[in-house]
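Asks: Have a look at this one before I ask anything.
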Amino acid sequence: MRAAVADYYKGRDLSTAQTIRRAESDTEAARYIAAIRQGRIPEVLAVAASAVTGVVVGALAQKAVNNATVGGVPPVAALGLVPAVAGMAFPLSLSGRSVLTTGGLTYATGALLYKMLVPKAEASP
């Protein structure tokens, strides 16, 4: 099973498919698929790190523009759409797509949270 999972993560789709097809039972084939679908620890950590980084950087970006808004919406939040759309559009692995999409959406969330939690400074005359 480890060879099939390793082949999958190395991008060897044909080898992975052949290994699954040669499984002696449906149960064994299902175990291969489950191992692939669950992902590896580094992938899960990368998605989590992307989420945390996205929120922090989004909030810092909103702070850098003095909590400016356009129609009540932080303009920097739109920048989070770039990696989110890229993650959904590019032919990457599922983990790659997850990292990009999560980072982008949490970036926008960080900007929105900063806008909601920090009162806008009054302009001095």
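Going by my numbering, the sequence shown opens with residue 102, and the numbers climb by one from there. Where is the CB? At the ideal position from N, CA and C, for every residue including glycine. Quantities reported herein were computed from a predicted structural model and do not represent experimental measurements.
Can you confirm whether the stretch 114–129 touches the stretch 144–160 when touching is taken to mean that 3 or more C-beta pairs between the two stretches lie within less than 8 Å?
Replies: Contact fails: fewer than three Cβ-Cβ distances are below 8 Å.
Asks: Pop quiz: V177 and A212 are said to be a contact at Cβ under 8 Å. What is the actual Cβ separation, rounded to whole angstroms?
Replies: With 8 Å as the limit, V177 and A212 qualify as a contact, their Cβ atoms being about 5 Å apart.
Asks: Please classify V219: does DSSP put it in a helix, a strand, or coil?
Replies: V219 falls in the coil class under three-state DSSP.
Asks: To the nearest angstrom, how far is the alpha carbon of Y133 from that of V186?
Replies: So the alpha carbons of these two residues sit roughly 30 Å apart.
Asks: Going along the chain, which residues of its own chain have a beta-carbon closer than 6 Å to the beta-carbon of T203, five neighbours each way excluded?
Replies: Same-chain partners within the cutoff: V148, S151, A152.
Asks: Going by DSSP in three states, V153 sits in which element: helix, strand or coil?
Replies: If DSSP states are grouped into helix, strand and coil, V153 belongs with the helices.
Asks: Taking the C-alpha atoms as reference points, what is the distance between E129 and G140?
Replies: Their Cα atoms are separated by approximately 18 Å.
Asks: Secondary structure at V174, three-state DSSP: helix, strand or coil?
Replies: Note: V174 maps to strand in three-state DSSP.
Asks: Should L206 be labelled buried (16 or more other beta-carbon atoms within 10 Å of its own) or exposed?
Replies: The residue in question, L206, is buried, as its Cβ has 16 or more Cβ neighbours within 10 Å.
Asks: Throw me the rounded Cβ distance for the Y208 and G181 pair, which I believe falls under 8 Å.
Replies: Indeed they touch by this definition, with Cβ atoms about 4 Å apart.
Asks: Determine the direct distance from the alpha carbon of T154 to that of K164, and round the result to whole angstroms.
Replies: One C-alpha to the other measures close to 15 Å.
Asks: For V183 and L115, I'd like the C-alpha separation in whole angstroms.
Replies: Cα to Cα, V183 sits roughly 32 Å from L115.
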